[in-house]
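S.K.:
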Amino acid sequence: MSPPRPVAADMSAALVDLVRTRGLTTTNDLCDATGMGRTVVAQRIARLVDAGLLAHRGKGRSTGGRAPRELRFRHEAATVFGVEVGVTGLTVGLATLDGAPLEVREAPWDVTRGPEETLARAERMMDEILAARPGSAPLAGIGVGLPCPVEFASGRPVSPPILSGWDDFPVRERLAARFGVGVWVDNEVNAMALGELRSGIAQGVDDFIYVKVGTGIGAGLVSAGRLHRGAQGCAGDIAHLCLDPASTRQCRCGKTGCLQTFASGSALGKAALDLAERGASPALARRLAEAGTVTAADVSASAAHGDPDCVDLMSTAGAQLGEALTSLVNIFNPALVVIGGGVSLAGDLLLPSLRKIVYARSLPLATRDLRVVLSAHADRAGVVGAALTAVDELLGPAHLDGLGALLTGADA
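Reading the sequence shown from the start, the letters are residues 1 to 412 in the UniProt record's numbering.
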């Protein structure tokens, strides 16, 4: 069966996407992939080259006739900001159109200070980066990842359980007015999944799940090589799956028994505090005396040094995550599950019990070729993915002409 023909408005965007994400570099390759005629493809390529989005890079390998001219995507033609808003920190990065960071800045932050203060701090960080790089390519857009449900179409948070004051806040409008560029806002875990798809361990994998285990828990779903957000944008919100209906553990969402209350970084911190206060873990008791508190990071550190109670906490958290992921693996049938987020930095302690449950309780066909791995760059997936969220939209049919106009204006 021949590939479907894209409608006229999508043709240029389809060609850019094939060059950018699939590495197709010749007119013949693009004709084969799109089903478009050679003349139409050649005309579209010429326009994209004139717009500064594609460039010729020399001759390819000949298969008997004239060697074809090869194309490349001009990732250096513009820049985008990625903004990752975490519960306990802000990360802002300026990146090229392939998501490669040019400069990244981080700052500790309490997101419960509200959207006005949080976005003002992020704006100052972006201003500082721009001031430090006066010769950078033009800024084309901003992508933002938030630690809460986000309606992607509007770019607004929706009923976030832990972010007072963020509900329905116009994040997109605020940043667009400030910087004069397009802004796209998504859940931070979707951004992380996109970062893994484009530049991480999931490159070339069409169907995978990214699971973030940090202060909170969430999942990003990639299907057929595309991020799956669902009808309203909340697909993958696994934090509030009921792990134990009989549990009395109260979640911030108002319900009990949520996965969040068992296996998140905040849950590990609470369990660690209990161990420290009871003196069950000498290492955690010492840490509590020194710092006045204990965190999931302290659990990881103590477990790595052989503290049996902390090892048990990490192993139990891994098994509980595995219980939740079993259903997701059966329903979604991914080829890969990537574990990221702050708690994943102790993955050697978390992963064995998680894998054991997933492989034991999922359908045999679903796990036959399934890999469960740690993110190779958990500390950068969010900010890179936020930048790529903006890139994907800028290079889509609705915004491609505007990006081309920006580039030709910058080159004039």
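Note that CB positions come from ideal geometry on N, CA and C, so glycine has one too. Please read all numbers here as calculations on a predicted model, not as lab measurements.
With DSSP as the reference, label histidine 228 as helix, strand or coil.
M.R.: Looking at histidine 228 - three-state DSSP - the assignment turns out to be strand.
S.K.: With a 10 Å radius around its C-beta and 16 neighbouring C-beta atoms as the bar for buried, classify residue 417 as buried or exposed.
M.R.: Since the first residue shown for the chain is 1 and the last is 412, residue 417 is missing from the structure and cannot be characterised.
S.K.: Output needed for arginine 57: all residues of its chain with C-beta closer than 6 Å, excluding positions within five of it in sequence on either side, in chain order.
M.R.: Same-chain partners within the cutoff: Glu70 and Arg72.
S.K.: With distance defined between alpha-carbon atoms, name the residue in Ser266, Arg198 and Leu15 nearest to histidine 377.
M.R.: Of the listed residues, the one whose Cα sits closest to histidine 377 is Arg198.
S.K.: Assuming alanine 283 and alanine 317 make a contact with CB atoms under 8 Å, what is their CB distance in whole Å?
M.R.: About 18 Å; that fails the 8 Å criterion.
S.K.: Please name the residue in Ala137, Pro101, Leu90 and Gly200 whose C-alpha comes closest to that of valine 144.
M.R.: Looking at the Cα atoms, Leu90 is the closest of the given residues.
S.K.: CA-CA distance, alanine 77 and phenylalanine 152?
M.R.: Looking at the two C-alpha atoms, the distance is approximately 26 Å.
S.K.: Isoleucine 238 and leucine 328 look like a contact to me (Cβ under 8 Å); what is the Cβ gap, rounded to whole Å?
M.R.: With a Cβ gap of about 7 Å, isoleucine 238 and leucine 328 count as contacting.
S.K.: Which whole-angstrom value is the C-beta distance of proline 157 and leucine 146, which I expect to be below 8 Å?
M.R.: That belief holds up - the Cβ atoms of proline 157 and leucine 146 are roughly 6 Å apart, short of 8 Å.
S.K.: Determine the direct distance from the alpha carbon of alanine 42 to that of valine 12, and round the result to whole angstroms.
M.R.: It is worth fixing the name first, because residue 12 is serine in this sequence and not valine. Their Cα atoms are separated by approximately 11 Å.
S.K.: List, from N- to C-terminal side, the beta strand (DSSP E) runs of 3 residues or more that fit wholly inside the region 31-106.
M.R.: Qualifying beta strand (DSSP E) stretches, in chain order: 54-59, 69-73, 79-85 and 89-96.
S.K.: Ignore the nearest five residues each way along the sequence and tell me which others in valine 19's own chain have a CB closer than 8 Å to its CB.
M.R.: Excluding positions up to five away in sequence, the list reads Thr25, Leu30, Leu54, Leu71, Arg72 and Phe73.
S.K.: The alpha helix (DSSP H) with serine 353 in it runs from where to where?
M.R.: Looking at the DSSP string, the run of the alpha helix (DSSP H) that includes serine 353 is 347-361.
S.K.: Do you know how far the Cα of threonine 367 is from the Cα of isoleucine 201?
M.R.: Taking the straight line joining both Cα atoms gives about 19 Å.
S.K.: May I have the straight-line CA-CA distance separating methionine 1 from threonine 34, to the nearest angstrom?
M.R.: Confidence is the limiting factor: at methionine 1 the pLDDT is only 45, short of 50, which leaves the residue's position unreliable and the question unanswerable from this model.
S.K.: Within its chain, find whatever has a CB closer than 6 Å to the CB of histidine 75; leave out the 5 residues flanking it on each side and keep chain order.
M.R.: Thr96, Leu97 and Asp98, listed in sequence order.
S.K.: Apart from the five residues on each side of it in sequence, which residues of its chain come closer than 6 Å, Cβ to Cβ, to glycine 233?
M.R.: Cβ within range, chain order: Val150, Glu151 and Phe152.
S.K.: How many Å lie between glycine 82 and threonine 21 at the Cα?
M.R.: Between glycine 82 and threonine 21, the C-alpha separation is close to 19 Å.
S.K.: Comparing C-alpha positions only, which one of Asp244, His228 and Tyr359 sits nearest to alanine 389?
M.R.: The sequence shown places threonine at residue 389, not alanine. Per the Cα distances, His228.
S.K.: Would you kindly report the start and end of the unbroken beta strand (DSSP E) that includes phenylalanine 169?
M.R.: Note, phenylalanine 169: premise wrong, no beta strand (DSSP E); not H, not E.
S.K.: Do you know how far the Cα of alanine 301 is from the Cα of glycine 340?
M.R.: Using only the alpha carbons, I get a separation of about 17 Å.
S.K.: Tell me whether leucine 175 is buried or exposed, calling it buried when 16 or more other Cβ atoms sit within 10 Å of its Cβ.
M.R.: Burial call: buried.
S.K.: Which complete alpha helix (DSSP H) runs does the region 154-240 hold, if anything under 4 residues is left out?
M.R.: Runs of the alpha helix (DSSP H) inside the region 154-240: 171-179 and 188-199.
S.K.: Just to confirm my understanding: we take leucine 363, look at its own chain, exclude 5 residues before and 5 after, and list those with CB closer than 6 Å. What are they?
M.R.: The residues are Asn330.
S.K.: If valine 213 and leucine 321 are in contact, beta carbons under 8 Å, what's the gap, nearest whole angstrom?
M.R.: Right, their Cβ atoms sit about 7 Å apart.
S.K.: Checking 8 Å against the spacing of the C-beta atoms, do leucine 163 and threonine 112 come in under that value?
M.R.: It is a contact, given that the beta carbons lie within the stated cut-off.
S.K.: Where does leucine 259 sit, in a helix, a strand or coil, going by DSSP?
M.R.: If DSSP states are grouped into helix, strand and coil, leucine 259 belongs with coil.
S.K.: Assuming valine 338 contacts methionine 314 under a Cβ cut-off of 8 Å, what Cβ separation, rounded to an integer in Å, is found between them?
M.R.: The Cβ separation is near 19 Å, so there is no contact.
S.K.: For glycine 347, I'd like the list of residues in its chain whose CB is within less than 7 Å of its CB, leaving aside the five on either flank, ordered along the chain.
M.R.: Same-chain partners within the cutoff: Ile339 and Leu374.
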